[in-house]
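A.B. asks:
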Amino acid sequence: MATAGNRGKITAEEIWAVAPGERRQVGVIHIVLTALLIGIGFVVGAFGSISFPLGFGVNFFWTGIAVQQVGSIWFGIWGVIAGTIFPFFSNAIAGTPFYVSAAYIPANLFQAFLPAFAFRYFKGDIRLNKGRDFVILISAMVISSAVGALWSVLVVLRSFGLLTTNSVPLFLWGWFGGNVVAGLVFNIILLKALSGVVIRSTAFVKRWLA
Amino acid sequence: MNKTLLGYVPERSPIYAIHPFVKLFFLLVASLFPLFISAPEWNFGLIIFVLLLMLYSRIDMRIMRIYVPVAISMASIIFLAYVVLGGFHPEFIEIGRLLGIRVYWERIRDAIVVYFRILPMIVMMVFFLNTSRERDVIVAMRTLRIPFVVTYVFAMALRAAGMVIEDFGIVRQAEQARGFDTHGKSLPYRLRKYVMYMIPLFALSLRRAEEFSNALIARGFAFTGPASKIKRADYVLTHYRFTRLDAVLTALIGLAFSALLVLRYGFGWFTLDRSVFLPRLEDLLLHR
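Protein sequences appear in the order of chains A and B. Residue 92 in numbering that gives the first Met the number 0 sits at position 93 of the first sequence, with consecutive numbering throughout. Residue 242 in numbering that gives the first Met the number 0 sits at position 243 of the second sequence, with consecutive numbering throughout.
1) Any beta carbon of chain B sitting closer than 8 Å to that of S166(A)?
2) DSSP three-state call for Y55(B): helix, strand or coil?
3) In this structure, what does DSSP give as the bridge partners for R96(B)?
4) If contact is defined by three or more beta carbon pairs under 8 Å, each pair taking one atom from either stretch, is the stretch 132-142 of chain A in contact with the stretch 159-172 of chain A?
5) Are there 16 or more other CB atoms within 10 angstroms of the CB of R199(A), so buried, or fewer, so exposed?
6) Could you work out which residues of chain A lie near S212(B), taking near to mean beta carbons separated by less than 9 Å?
7) At least one CB of chain B closer than 8 Å to the CB of L35(A): is that the case?
8) Chain A partners of T221(B), CB-CB under 7 Å?
9) Quick check on S257(B): buried or exposed, where buried means 16 or more other Cβ atoms within 10 Å of its Cβ?
10) Report all residues from its chain with a CB closer than 7 Å to the CB of A159(B); omit the five preceding and five following residues, and keep chain order.
11) Which whole-angstrom value is the C-beta distance of T142(B) and F20(B), which I expect to be below 8 Å?
12) Count the C-beta pairs between the stretch 123-138 of chain B and the stretch 47-67 of chain B that are closer than 8 Å, then say yes if the count reaches three, no if not.
13) Starting from the beta carbon of L215(B), find every residue of chain A whose beta carbon is closer than 8 Å, and list them in chain order.
14) Near I14(A), which residues of its chain fall below 7 Å by C-beta distance, leaving aside the five closest residues on each side in sequence?
15) At what residue ranges does the stretch 40-120 of chain A contain a whole run of the beta strand (DSSP E), taking only runs of 3 or more?
16) Taking 8 Å as the limit between beta carbons, can you name the residues of its chain near L36(A), skipping five residues before and five after?
17) Suppose only complete runs of 3+ residues qualify. What are the beta strand (DSSP E) ranges in the stretch 107-134 of chain B, listed by chain order?
18) Output needed for I77(B): all residues of its chain with C-beta closer than 6 Å, excluding positions within five of it in sequence on either side, in chain order.
19) What's the call for Q175(B), buried or exposed, on a 16-neighbour Cβ count within 10 Å?
20) Give the residues of chain A in contact with V148(B), contact being defined as C-beta atoms less than 9 Å apart.
21) Write down the C-beta distance between M120(B) and P96(A) rounded to the nearest angstrom, noting that I regard them as a contact closer than 8 Å.
22) Report buried or exposed for L291(B), applying the criterion of at least 16 other Cβ atoms within 10 angstroms of its Cβ.
23) Kindly indicate which three-state DSSP category A3(A) falls into: helix, strand or coil?
24) Write down the C-beta distance between T33(A) and V152(B) rounded to the nearest angstrom, noting that I regard them as a contact closer than 8 Å.
25) Using the beta-carbon of each residue, which ones in chain B are nearer than 8 Å to T10(A)?
26) Do V25(A) and A209(A) have their beta-carbon atoms positioned less than 8 Å apart in this structure?
27) Skipping 5 residues on each side, what residues in its chain have a beta carbon closer than 8 Å to that of T2(A)?
28) Could you tell me which chain A residues have their CB closer than 8 Å to the CB of S30(B), listed as they occur along the chain?
29) If you drop the 5 nearest sequence neighbours on each side, which residues of the same chain put their C-beta closer than 8 Å to that of V152(A)?
30) Please return the same chain residues whose Cβ sits closer than 6 Å to the Cβ of S294(B), not counting the five positions on each side in sequence.
31) From the DSSP output, in three-state form, read off V8(B) for me.
32) Rounded to the nearest angstrom, what separates R240(B) and R231(B) at their Cα positions?
33) Using 8 Å for Cβ pairs, my map puts V43(A) next to G20(A). What's the rounded Cβ distance?
34) Shorter than 8 Å from the beta carbon of A192(A) to some beta carbon of chain B?
35) Using the beta-carbon of each residue, which ones in chain A are nearer than 8 Å to G86(B)?
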């Protein structure tokens, strides 16, 4: 029952629950958001790719992970689409060859998808109010970055002949560490600072599409 | 000069006589060439060819200075991956030691092959980005009949990137005006404070998303529902004609790729065995 103390406070379950009679549908704003997220990720990702490069699009500290994962947590499939596409452009600006960037798409798709899925499946609070929410976030970040690193290094870079077997660990840890460390710095602060505003906006995606 | 996301494209250039689709087709197809060429002298020739194209297109070649650090860091990474972390291989020919690390001829050869595969791809991307405006990419996509919503998202993303760069500058100036200064501070401190830029950028983008969507709805744009099924005129395509020259160039690019494949797999061209440069380098390193 709503009281003066908790009126207006939204619980973690309520964040994701579609209220009876509430109609949510895809709108122009979702398309616009996808484009804007690609634009932000383009700039932020290029900053990381140019500033802290290891090589071939792998970075020691990739700031784009914040846009990739926070965008997908807030905006569902639209954030996942943006998170999959923008690294292609930010890598291109940083000098990564066209087809190498294209081959990274599955890795970026998984890195964007998993945090969004984890919060929706476990009904986590995106405002990170409890320890459980942090566990969901960090676990999703670690697992998605690990899978992304394995795909990118073992499948992409080895297939193109860009690495030797002995240099694989360096690039694996570079990709994984570069994403996780940057994610720990930026994801948490962004989610805590802006989630309260995003939840109340019409752009927030409760399910996957709307 | 016309300003774009990357820098400037020449205001007048013979490259503008070519349809944007041909430029995109060249990027997509010609970027594949190095993947099928092992002999580094052929890939070096490809680099020279693209640089000559850039000269012909009146691109300010000083833009290449931006990519010199990229080329150097790429060489360093490949050297690190192939030579320093090359491992122990008694089956390879050891040509010397570098600070206790065994240096093998086969690893140097492979590093050179990889480096000269990557460089042409980078140069081709630079050529494309320096001769294509946002509108050119959109025209190329619409020529390929890519759905309007996909093209629109792409166009807005490019425009949004430019706006984010401007917002970044504004936020930075605002913070400097308030006494925020990272000069002389450590790298971890700067990285932590970088979040102070990201939060305003996200907040500005969220507000902008509402404004853009209201503007689009007010103009009758819709991506779902009956309103989205209205066929819109591709006005921008009326400014570009696909001429006979464009058709010839497209055919030439396709033929060149086919010829490459035939020569490579049918006659063994462009392989390491047919390289002229590598045996001479091997002689030089082994018999110095």
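By construction, the Cβ of each residue, glycine as well, lies at the ideal position given by its N, Cα and C atoms.
C.D. replies: This is what the structure gives:
1) Here residue 166(A) refers to the residue found at position 167 of the first sequence. S166(A) has a beta carbon lying within less than 8 Å of a beta carbon in chain B.
2) On the second sequence, position 56 is the one that residue 55(B) refers to. Y55(B) sits in a helix when the DSSP states are folded into three classes.
3) Numbered from 1 along the second sequence, position 97 holds the residue referred to as residue 96(B). Answer by DSSP bridge pairing, in chain order: R101(B).
4) Contact between the stretch 159-172 of chain A and the stretch 132-142 of chain A is not established, with fewer than three Cβ pairs separated by less than 8 Å.
5) For this step, residue 199(A) is matched to residue 200 along the first sequence. Classification for R199(A): exposed.
6) One-based indexing of the second sequence puts residue 212(B) at position 213. Simply G26, V27, I28, H29, I30, V31, L32, T201, A202.
7) On the first sequence, position 36 is the one that residue 35(A) refers to. Cβ-Cβ to chain B under 8 Å: yes for L35(A).
8) Here residue 221(B) corresponds to residue number 222 of the second sequence, with the count starting at 1. Checking the displayed sequence, the identity of residue 221(B) turns out to be Ala instead of Thr. Residues of chain A passing the Cβ test: V27.
9) Against the second sequence, residue 257(B) aligns to sequence position 258. S257(B) is exposed by the Cβ-count criterion.
10) On the second sequence, position 160 is the one that residue 159(B) refers to. Nothing meets the Cβ criterion.
11) The residue you call residue 142(B) lines up with position 143 of the second sequence. The residue you call residue 20(B) lines up with position 21 of the second sequence. Between T142(B) and F20(B), the beta carbon gap of about 4 Å places them in contact (Cβ cut-off 8 Å).
12) Counting Cβ pairs under 8 Å, three or more are found: they touch.
13) For the purposes of this step, residue 215(B) is taken as residue 216 along the second sequence, with counting starting at 1. Ordered by position in chain A, the residues that pass the 8 Å Cβ test against L215(B) are V27, V31.
14) Against the first sequence, residue 14(A) aligns to sequence position 15. Here I14(A) has D124, I125, I198 as same chain residues with Cβ atoms under 7 Å from its own Cβ, once five neighbours each way along the sequence are excluded.
15) Complete beta strand (DSSP E) runs here, min 3: 52-54.
16) Position 37 of the first sequence, counted from the start, is the residue given in the question as residue 36(A). Excluding positions up to five away in sequence, the list reads V66, G70, F74, W77, G78, A81, G82, F85.
17) Taken in chain order, the complete beta strand (DSSP E) segments of 3 or more residues contained in the stretch 107-134 of chain B number zero; there are none.
18) Along the second sequence, one-based indexing puts residue 77(B) at 78. Sequence-distant partners of I77(B) (beyond 5 residues in either direction) whose C-beta falls short of 6 Å from its own C-beta, in its chain, are A110, V113, Y114.
19) Here residue 175(B) refers to the residue found at position 176 when the second sequence is read from its first residue. Label assigned to Q175(B): exposed.
20) For the purposes of this step, residue 148(B) is taken as residue 149 along the second sequence, with counting starting at 1. Simply I30.
21) Against the second sequence, residue 120(B) aligns to sequence position 121. Against the first sequence, residue 96(A) aligns to sequence position 97. M120(B) to P96(A), Cβ: 4 Å. Contact.
22) As displayed, chain B neither begins before 0 nor continues past 287, which places residue 291(B) out of reach and without an answer.
23) Position 4 of the first sequence, counted from the first residue, corresponds to residue 3(A). Because the pLDDT at A3(A) is just 43, under 50, the model does not fix this residue reliably, and the value given afterwards should be weighed accordingly. Secondary structure at A3(A): coil, using DSSP grouped into helix, strand and coil.
24) As a first step, residue 33(A) must be located in the first sequence, where it is residue number 34. As a first step, residue 152(B) must be located in the second sequence, where it is residue number 153. Correct: roughly 6 Å between the Cβ atoms.
25) Start at 1 with the first residue of the first sequence, and residue 10(A) comes out as number 11. Near T10(A) there are no residues of chain B at all, since even the closest Cβ is about 23 Å away, more than 8 Å.
26) By 1-based counting over the first sequence, the position of residue 209(A) is 210. By 1-based counting over the first sequence, the position of residue 25(A) is 26. A209(A) places its beta carbon less than 8 Å from that of V25(A).
27) Numbered from its first residue, the first sequence carries residue 2(A) at position 3. A caution first: T2(A) carries a pLDDT of 43, below 50, which makes its placement in the model too unreliable to give a value.
28) The count along the second sequence starts at 1 and reaches residue 30(B) at position 31. Per Cβ cutoff of 8 Å: P96, F97, Y98.
29) Walking along the first sequence from the start, residue 152(A) turns up at place 153. Take V152(A), set aside five residues on each side of it, and the residues of its chain with a beta-carbon closer than 8 Å to its own are V57, L162, V167, F170, L171, W174, in chain order.
30) The requested residue 294(B) is not part of the displayed model; chain B covers only 0 to 287.
31) Locating residue 8(B) in the second sequence gives position 9, where the first residue counts as 1. Strand.
32) On the second sequence, residue 240(B) is found 241 positions in, with the first residue counted as 1. On the second sequence, residue 231(B) is found 232 positions in, with the first residue counted as 1. A direct Cα-Cα distance of roughly 19 Å separates R240(B) from R231(B).
33) Here residue 43(A) refers to the residue found at position 44 of the first sequence. Here residue 20(A) refers to the residue found at position 21 of the first sequence. V43(A) to G20(A), Cβ: 38 Å. No contact.
34) Counted from its first residue, the first sequence places residue 192(A) at position 193. For A192(A), the answer is yes, since a Cβ of chain B falls inside 8 Å of its Cβ.
35) Residue 86(B) sits at position 87 when you count from the first residue of the second sequence. Under the 8 Å cutoff, chain A gives T163, T164, N165.
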